[in-house]
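Novice:
Residue numbers (our numbering): -17 to 34.
1) How is the beta strand (DSSP E) around residue 15 delimited, first residue to last?
2) Taking the Cβ atom as the reference point for each residue, do residue 21 and residue -7 lie within a distance shorter than 8 angstroms?
3) Considering only C-alpha positions, which residue in the set -3, -12, -15, 34 is nearest to residue 15?
4) Identify whether residue -10 lies in helix, strand or coil by the three-state DSSP scheme.
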């Protein structure tokens, strides 16, 4: 969960970032990062389910 002061503080989109470190003997940078595509945030209120 991410705390936000109010609805105006919510981001319009989010993206996942995955970072890994690799052994120093490999001929690549010490860390490799991948950032996925941005996905729009659904700002509608959540659906509330109640008992039947």
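All C-beta atoms, glycine included, are put in the ideal place defined by N, C-alpha and C.
Specialist: On the basis of the supplied data:
1) It spans 13 to 17 - the beta strand (DSSP E) in which residue 15 sits, taken as one unbroken run.
2) No, they are not a contact pair.
3) Of the candidates -3, -12, -15, 34, the one whose C-alpha sits nearest the C-alpha of residue 15 is -3.
4) DSSP places residue -10 in the helix class (H, G or I) of the three-state scheme.
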